[in-house]
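What follows is a single structure, written as structure tokens, with notes after it.
Numbering (this note's numbering), first residue to last: 4 to 377.
Put into structure tokens, the structure is as follows:
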């Protein structure tokens, strides 16, 4: 999904709960040991700390692959052109925070996002992309940055200002200057999710959560595109359904959650993962978002976690690639692994998006602990 200039990708990543409750939920639903990657205990000396934790190894990979003069963001290459990728950078910050490591890099990337926020939003308030504002709000909440002063922008006011805008239905988040590309179930879910995790605001309102829950199809799944009341459902989508589950639980609008979770479980593939469409091969991005949805719904997510761990580069990989998660298959592809890892990291840490918080996180970016001869 591309939203405006620079290709804002949102399809390929609950309020913060009591930590004890959250830990109990993780223990209940993980169903798989994720304490360490399957590597020997001996390790070569490194200037960076070593880890055997899948989420921390992924976060270290993400930190080392930031680019730019200050190593603080990622870029997309389209043909011969390069574009700063704010959405991918935001996902990486959330994965670093979820893993509890790499805060030196995460803070640099957050600072870059603050400076580039106006560009990522796509225009001046109110003509902004709500999906972009929602992703930045998730980062601000996780990084403990004042969302009212994210760069020079009040993210909450900007996001709320797109709700029910000209040409939108009550509760629908949409850029009034671009009604074609600015609204989808994923965008609606991210907006509801980010506002639900924002302290001290009476948001999202009932119109926003009702609009989202009404997008559910009769069998419980959600399609990506917004449909009008009474319209037939098209092709249900794993990503859209997974984001919707997280958002509806976060906003305590749970009537559509049970059917959506059952739809998601029904469409888990035999290998434990998910593709964006039920008939598609499993991929890291869709599997990660599905894992997050099942964790927050207190359902078994072990198959999806195991799929992600199986697709993570270990000690037999080139040192620069260790910790990365492959999008699909057995062969590492740099063109897809970075984006896959930015979203897989939070799932490997068993952190749905609104559980992500940097509190207690370490500053260093760890490397995978491997024997010296590897």
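Idealized CB from N, CA, C, for every residue including glycine.
Environment of residue i [buried if 16+ CB atoms lie within 10 Å]
{"i": "residue 237", "result": "exposed"}
{"i": "residue 80", "result": "exposed"}
{"i": "residue 261", "result": "exposed"}
{"i": "residue 374", "result": "exposed"}
{"i": "residue 133", "result": "buried"}
{"i": "residue 288", "result": "buried"}
{"i": "residue 279", "result": "buried"}
{"i": "residue 73", "result": "exposed"}
{"i": "residue 152", "result": "exposed"}
{"i": "residue 138", "result": "buried"}
{"i": "residue 296", "result": "buried"}
{"i": "residue 82", "result": "exposed"}
{"i": "residue 203", "result": "exposed"}
{"i": "residue 221", "result": "exposed"}
{"i": "residue 84", "result": "exposed"}
{"i": "residue 361", "result": "buried"}
{"i": "residue 369", "result": "buried"}
{"i": "residue 357", "result": "buried"}
{"i": "residue 283", "result": "exposed"}
Extent of the continuous alpha helix (DSSP H) to which residue i belongs
{"i": "residue 105", "result": "Looking at the DSSP string, residue 105 is not in any alpha helix (DSSP H), and its letter there is neither H nor E."}
{"i": "residue 292", "result": "287-299"}
{"i": "residue 133", "result": "133-146"}
{"i": "residue 198", "result": "188-199"}
{"i": "residue 269", "result": "260-269"}
Bridge partners - residue i, DSSP secondary structure assignment
{"i": "residue 87", "result": "78"}
{"i": "residue 330", "result": "In the DSSP output, where bridge partners are listed per residue, residue 330 has none listed."}
{"i": "residue 315", "result": "328"}
{"i": "residue 65", "result": "Answer by DSSP bridge pairing: none, since residue 65 is not bridged."}
{"i": "residue 166", "result": "176"}
{"i": "residue 370", "result": "53"}
{"i": "residue 225", "result": "219"}
Distance between residue j and residue i (C-alpha atoms, nearest Å)
{"i": "residue 123", "j": "residue 312", "result": "32 Å"}
{"i": "residue 29", "j": "residue 91", "result": "Residue placement at residue 29 is flagged as unreliable, the pLDDT there being 36, under the threshold of 50; the coordinate-derived value follows with that caveat. In a straight line, the C-alpha of residue 29 is about 25 Å away from that of residue 91."}
{"i": "residue 211", "j": "residue 175", "result": "6 Å"}
{"i": "residue 155", "j": "residue 117", "result": "8 Å"}
{"i": "residue 163", "j": "residue 109", "result": "26 Å"}
{"i": "residue 307", "j": "residue 316", "result": "16 Å"}
{"i": "residue 130", "j": "residue 218", "result": "24 Å"}
{"i": "residue 103", "j": "residue 61", "result": "11 Å"}
{"i": "residue 52", "j": "residue 178", "result": "44 Å"}
{"i": "residue 56", "j": "residue 148", "result": "27 Å"}
{"i": "residue 257", "j": "residue 251", "result": "6 Å"}
{"i": "residue 192", "j": "residue 209", "result": "14 Å"}
{"i": "residue 185", "j": "residue 166", "result": "12 Å"}
{"i": "residue 190", "j": "residue 265", "result": "22 Å"}
{"i": "residue 327", "j": "residue 341", "result": "7 Å"}
{"i": "residue 113", "j": "residue 63", "result": "16 Å"}
{"i": "residue 235", "j": "residue 214", "result": "16 Å"}
{"i": "residue 271", "j": "residue 170", "result": "36 Å"}
{"i": "residue 367", "j": "residue 231", "result": "48 Å"}
{"i": "residue 286", "j": "residue 350", "result": "13 Å"}
{"i": "residue 95", "j": "residue 336", "result": "18 Å"}
{"i": "residue 36", "j": "residue 58", "result": "With a pLDDT of 42 at residue 36, under the threshold of 50, the predicted position of this residue should be treated as unreliable, and no value is reported."}
{"i": "residue 66", "j": "residue 233", "result": "46 Å"}
{"i": "residue 198", "j": "residue 180", "result": "22 Å"}
{"i": "residue 98", "j": "residue 225", "result": "25 Å"}
{"i": "residue 330", "j": "residue 324", "result": "13 Å"}
Reduced DSSP category for residue i - H, G, I as helix; E, B as strand; rest coil
{"i": "residue 156", "result": "strand"}
{"i": "residue 241", "result": "helix"}
{"i": "residue 32", "result": "Any reading at residue 32 must be qualified, since the residue scores a pLDDT of 40, below 50, and its modelled position is unreliable; the value itself is stated next. Note: residue 32 maps to helix in three-state DSSP."}
{"i": "residue 70", "result": "strand"}
{"i": "residue 351", "result": "helix"}
{"i": "residue 214", "result": "helix"}
{"i": "residue 219", "result": "strand"}
{"i": "residue 342", "result": "helix"}
{"i": "residue 203", "result": "coil"}
{"i": "residue 129", "result": "coil"}
{"i": "residue 281", "result": "coil"}
{"i": "residue 119", "result": "helix"}
{"i": "residue 359", "result": "coil"}
{"i": "residue 92", "result": "helix"}
{"i": "residue 100", "result": "helix"}
{"i": "residue 365", "result": "coil"}
{"i": "residue 257", "result": "coil"}
{"i": "residue 302", "result": "coil"}
{"i": "residue 182", "result": "coil"}
{"i": "residue 336", "result": "coil"}
{"i": "residue 230", "result": "coil"}
Closer than 7 Å: residue i CB and nearest the ligand NAP heavy atom
{"i": "residue 371", "result": "Summarising the ligand content, the structure contains no ligands, and the ligand NAP is consequently not present."}
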